[in-house]
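Data block below; observations after.
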Amino acid sequence: MKTVFVQPERCVGCKQCEIACAVEHSQSKNLYQAVFEKPKPRPRVHVGPGVYLNSSFPNKCRHCDPAPCMAVCPTAAISRTSNQEIVLIDGNKCISCAMCALVCPFDVIRYYESTEALQDKVVALKCDHCVERQEKGLEPACVEVCKVDALLFGEINQLTKMASTKLARVVSVAAASASIETAAMPENLEAWRSWGRKISELNDR
Amino acid sequence: MKRCVIIGAGPAGVTAAETLRVFAENLEIIMLTGEPYPPYSPPAMVEYFLSGRPVHFWKGENFTEKLGIDYRSNSSVRKINPATKAVELANGETINYDKLLLAAGARLYSPLKGSDKKGIHNFKSLLAGEKMLDEVRAGRVKTSLIVGAGFIGVEIALLLIELGLQVRMLVRSRVMREMLDPETSAIVKGTLLERGVEIIEGNDADALEFVGSKSVEAVKMRSGIELKADLIIAATGLKPNLELLKDSGVKYDWGILVDNYLCTNISDIYAAGDIAETIDRLSGRRYAHANYPNAVAQGRIAALNMLGHNVEYTGSDSMNSLKHLGIPVMAAGIMEGEEIRIRTNDNLRKIWIRDGKLVGFRLAGDINSAGIFLSLMRRSVDITSLKEELLDTRFGMGFLIDSALDPSRKVIY
Chain A
1 MKTVFVQPER CVGCKQCEIA CAVEHSQSKN LYQAVFEKPK PRPRVHVGPG
51 VYLNSSFPNK CRHCDPAPCM AVCPTAAISR TSNQEIVLID GNKCISCAMC
101 ALVCPFDVIR YYESTEALQD KVVALKCDHC VERQEKGLEP ACVEVCKVDA
151 LLFGEINQLT KMASTKLARV VSVAAASASI ETAAMPENLE AWRSWGRKIS
201 ELNDR
Chain B
1001 MKRCVIIGAG PAGVTAAETL RVFAENLEII MLTGEPYPPY SPPAMVEYFL
1051 SGRPVHFWKG ENFTEKLGID YRSNSSVRKI NPATKAVELA NGETINYDKL
1101 LLAAGARLYS PLKGSDKKGI HNFKSLLAGE KMLDEVRAGR VKTSLIVGAG
1151 FIGVEIALLL IELGLQVRML VRSRVMREML DPETSAIVKG TLLERGVEII
1201 EGNDADALEF VGSKSVEAVK MRSGIELKAD LIIAATGLKP NLELLKDSGV
1251 KYDWGILVDN YLCTNISDIY AAGDIAETID RLSGRRYAHA NYPNAVAQGR
1301 IAALNMLGHN VEYTGSDSMN SLKHLGIPVM AAGIMEGEEI RIRTNDNLRK
1351 IWIRDGKLVG FRLAGDINSA GIFLSLMRRS VDITSLKEEL LDTRFGMGFL
1401 IDSALDPSRK VIY
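Chains as they are written, first to last, in the numbering used here: chain A, 1 to 205; chain B, 1001 to 1413.
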C-alpha cells in the first residue's frame, strides 16, 4: 500500500504543495487558467504554522482505516476505493452536515464549492491521494512539487521502517547517556554492555 | 445463532445488519419496520425535501436485497415475548428469534395540552415528514407555526423558510437552549431572524395548548392569545418507542437500559440507537443520545456482541452540527468548567476546560480545528500547555506536531 509520508522537521512552509494540489484538482490543470476558474480550485493539503517562528506542517488526509469520517456520513458520500487504500468524498452526495469534519482528528476536511456538486453548493473537500495521477503511475502532486522532501511517497511499510530505524538509533544513543533504571545495573549486564561498547569502538577505528 | 430479528430500520438497525452480514454470511436476518420505505437516513431528510434527490436512501433502495436481509416494511411490532423468543406483529403474525435487536428509534414527545389532536405535524420519521411536505407541495399551506426550538425545530424552520412558507417559532427561553450557550444561541437566533423566521420567546411547553374543534387550528399561549397557522408542527422533544415492550420484562426508564455490551436485562435481547439509554463518555450521565454517529456506533457494537465477540461500548458523544443555517454551527461535549472564548463578528469559538482537559466546545462560523478539539476531548489529553494557543486563529495540526516533538511541552496527541 502506497502512502504520503510527512517529515515535519523538513517543511519550510513554502506552500507549493497547496498550489500544486489546487491546480491538480482544477478543470484546466494549468495554474494560469486555474485562477480564473469557477468554482475556484482549492487545495486539499493545508500548510499550517507551528508553534515556533519558522516551523510549519503540511496537513493532509491520512486515509485512516477504519475512517471515522466514513462512519458518521449520513448519506454514504464517503467511501473507500476498491483496493481499500484511498478514502474519497462524493461531492454530489454530500449534504455538508459537517459531521465528518467534526470527527476528523486531523482536521483535513474543508467546505467549498466543487465541480462535483450542484452550483453554489458548498460541500466537503479533502485529499483524494491524487487517485487519477496514481492510476497513471504518477506520485501525488504535492509530493512531486515538494523541494525539501518534507513529503515522500512510497510503500507504507518501507517508509515506516525507515522512520522506526531512525527512531531506534536516536533512542539507543539517548539510552546510553541516561538511565531510567531505578536499581543499579547488575555487574554481569554492565560487563555485557561495556563489551559491546568496546567492540563498537574497535569497529569504528 | 441462526436467526436474528432487528426491530427498526434506521442507522442503528442498518449498521447492525451490515455488521452481522460481514461476520455471518449465512445468518438469517429479519428486519422489521412500521414504515413503508426502504431504510433511510434521518439526517438527510431535509436535503431530500429541499432538492428532491433521494440522498436519504443512503445505502441504496435495494440495499436489503443486496445484503440478503428479509426486509419487512409496513410491519409494526405489537409486542415481544422473551419467554417464547417471539415477536408479534400488528397483523397477528409471530416471528421467532435467536437474538433480537431493539432499534425502533424514538418518536415525538409532546407534553402540551391537546397533543392528541389530529393534524399536528412532526419531523421524526420520513412518513411524518412526507405528510407535512404533502401539505406544502399541494400548496394548501402558507403559514406555519413550530412549537420548540431545539435542533429539530430549527432544522424544520429552515426547511420551511426555504420552501417559501411564513414561519413562526414558539420558544421557551432561547433557541437551542440545551445544546448551546446563550452567546452561540444568540448567533443562531440572529441568523434565523435574518432568514425571515419569526421567534416568539417565553413560551414554556406546559403553558401552551393545541386548540381546534376537530383537528388542530391554533396554539393557545399563556396570555390566552391563540396563534393560528395552516401548518402546526410540534418539535418539543423525543421519546423512545417503548410501547412494544409492555409486559415483556425488558427494563427501561426513559429509554431501554443496557449494559456495557448493549445487552438488555434479558440475554439475547440487545438495544441500540435512539431507543437505548447509554452513558455519555464525558459526563457519565445515562440518557438516550439521539444522533447518527452514536446510533451507528451502537448498531455495530450490538451486532458484534450478538455474534459473541464481547466488545465493550465505550460511551456516547454529545455532539451535533447544524446545517442549512448559512453559517456552520458545531456543538460537542459539556459546558462546564473554565470557559475561554474568542469572537470576531459572527465567528465565535468557545471552549470549556476542566482539570486541564478540554470537555466541550461551541463553534459558529469558523469551524476549523473542530475535529482536533473533539479528538483532544474524547481522549482526555492534558491541554494545559496548549491552553493559550487553542483559540489562536492559526491553531491546527502544526501546533500539535510541534508540541508533540518538543518534550518540554508535554502534549501527547
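Heads up, the beta-carbon is just placed ideally off N, CA and C, and yes, glycines get one too.
Computed from a predicted structure; not experimentally measured.
*Determine, using beta carbons only, whether L1282(B) comes closer than 9 Å to chain A.*
So, not an interface residue.
*Looking at C-beta atoms only, is the number of pairs between the segment 1057-1073 of chain B and the segment 1223-1240 of chain B that lie closer than 8 Å three or more?*
No, the segment 1057-1073 of chain B does not touch the segment 1223-1240 of chain B.
*Mind reading off the beta-carbon distance from V1046(B) to E1155(B)? Whole number of angstroms is fine, and I expect it under 8 Å.*
Contact between V1046(B) and E1155(B) is confirmed by a C-beta separation of about 6 Å, below the 8 Å threshold.
*Only counting runs of 4 or more residues, tell me where the alpha helix (DSSP H) segments fall wholly within the segment 86-132 of chain A, in order along the chain.*
Secondary structure remark: continuous alpha helix (DSSP H) runs of at least 4 residues inside the segment 86-132 of chain A, in chain order: 99-103.
*Please look up how many angstroms separate the CB atoms of Q1166(B) and K1142(B), rounded, as I've assumed it's under 8 Å.*
Between K1142(B) and Q1166(B) the Cβ distance is about 6 Å, and since that is below 8 Å, they are a contact.
*What is the residue span of the alpha helix (DSSP H) that W192(A) lies within?*
Unbroken alpha helix (DSSP H) run through W192(A): 187-204.
_Proximal residues to V1136(B) (C-beta, below 6 Å), its chain only, five neighbours per side dropped_ = Residues L1163 of the same chain have their beta carbon placed closer than 6 Å to that of V1136(B), with the five preceding and five following residues left out of the count.
_Cross-chain neighbours of Y52(A) in chain B, by beta carbon under 7 Å_ = Near Y52(A) (Cβ distances below 7 Å), the residues of chain B are D1402.
*Rounded C-alpha distance that separates I109(A) from R1021(B)*: Between the C-alpha atoms of I109(A) and R1021(B) there is a straight-line separation of about 31 Å.
*Check whether the Cβ atoms of I1275(B) and I1187(B) lie closer than 9 Å to each other.*
In this structure, I1187(B) does not lie closer than 9 Å to I1275(B) by Cβ.
*chain B contact for V47(A) (CB, 9 Å cutoff)*: With 9 Å as the cut-off, V47(A) counts as an interface residue toward chain B.
*Is Q27(A) buried or exposed, if buried means 16 or more other CB atoms sit within 10 Å of its CB?*
Counting Cβ neighbours within 10 Å, Q27(A) comes out exposed, since fewer than 16 surround it.
*Going straight from the alpha carbon of D1355(B) to that of V1381(B), what length do you get?*
Rounded to whole angstroms, D1355(B) to V1381(B) spans 11 Å at the Cα level.
*Residue-level contact to chain B via CB, S56(A), 9 Å cutoff*: It does; some Cβ of chain B falls within 9 Å.
*Simplified DSSP assignment, three categories, for R1349(B)*: Secondary structure of R1349(B) (DSSP, three-state): strand.
*Which of the residues in the segment 87-118 of chain A, read from start to end, lie with their CB under 7 Å from any CB of chain B?*
From the segment 87-118 of chain A, only K93, I95, S96, C97, A98, M99, A101, L102, V103, C104, P105, F106, D107 have a Cβ closer than 7 Å to chain B.
_For a test of the three-state rule: what should DSSP assign to N1081(B), helix, strand or coil?_
In the three-state DSSP reduction, N1081(B) falls in the strand class (E or B).
_K166(A), DSSP secondary structure in three states_ = Looking at K166(A) - three-state DSSP - the assignment turns out to be helix.
*How should F1023(B) be labelled, buried or exposed, when 16 other C-beta atoms within 10 angstroms of its C-beta is the threshold for buried?*
Taking a 10 Å sphere around the C-beta of F1023(B), we find fewer than 16 other C-beta atoms and assign the residue as exposed.
*Bridge partners of D1382(B), per DSSP?*
Answer is K1357(B).
*asked:* What ranges does the alpha helix (DSSP H) occupy inside the segment 1172-1225 of chain B, keeping only unbroken runs of at least 4 residues that lie completely in it?
replied: Correct list: 1182-1194.
*asked:* Do M1(A) and N157(A) count as a contact pair if the criterion is CB distance below 9 Å?
replied: In this structure, M1(A) lies closer than 9 Å to N157(A) by Cβ.
_If you measure between the beta carbons of E116(A) and V123(A), is that distance less than 9 Å?_
Contact flag set, yes.
_Exposure of F959(B), with buried meaning 16 or more beta-carbon neighbours within 10 Å_ = The first residue shown for chain B is 1001 and the last is 1413, placing residue 959(B) beyond what the model contains.
*chain A beta carbons: is any one of them nearer than 9 Å to that of D1406(B)?*
D1406(B) counts as touching chain A.
*Can a CB atom of chain A be found closer than 9 Å to the CB of I1367(B)?*
It does: the Cβ of I1367(B) has a partner Cβ on chain A nearer than 9 Å.
*Sort K1228(B), K1214(B), N1203(B) by Cα distance to S1144(B) and report the nearest one.*
If you compare the alpha carbons of K1228(B), K1214(B), N1203(B) with that of S1144(B), the shortest gap goes to K1228(B).
*Would you say E18(A) reaches chain B, if we count a Cβ-Cβ gap shorter than 9 Å as a contact?*
Chain B contact via Cβ: absent.
*asked:* If you follow the alpha helix (DSSP H) that R1021(B) is in, where does it begin and where does it stop?
replied: It spans 1011-1023 - the alpha helix (DSSP H) in which R1021(B) sits, taken as one unbroken run.
*Cβ contact (3+ pairs, closer than 8 Å) linking the segment 1294-1308 of chain B and the segment 1260-1279 of chain B*: The segment 1294-1308 of chain B, when compared against the segment 1260-1279 of chain B, does touch it at the 8 Å Cβ threshold.
*Please determine if the segment 1215-1226 of chain B and the segment 1375-1393 of chain B are in contact, where contact requires at least 3 C-beta pairs separated by less than 8 Å.*
Short answer: they don't touch.
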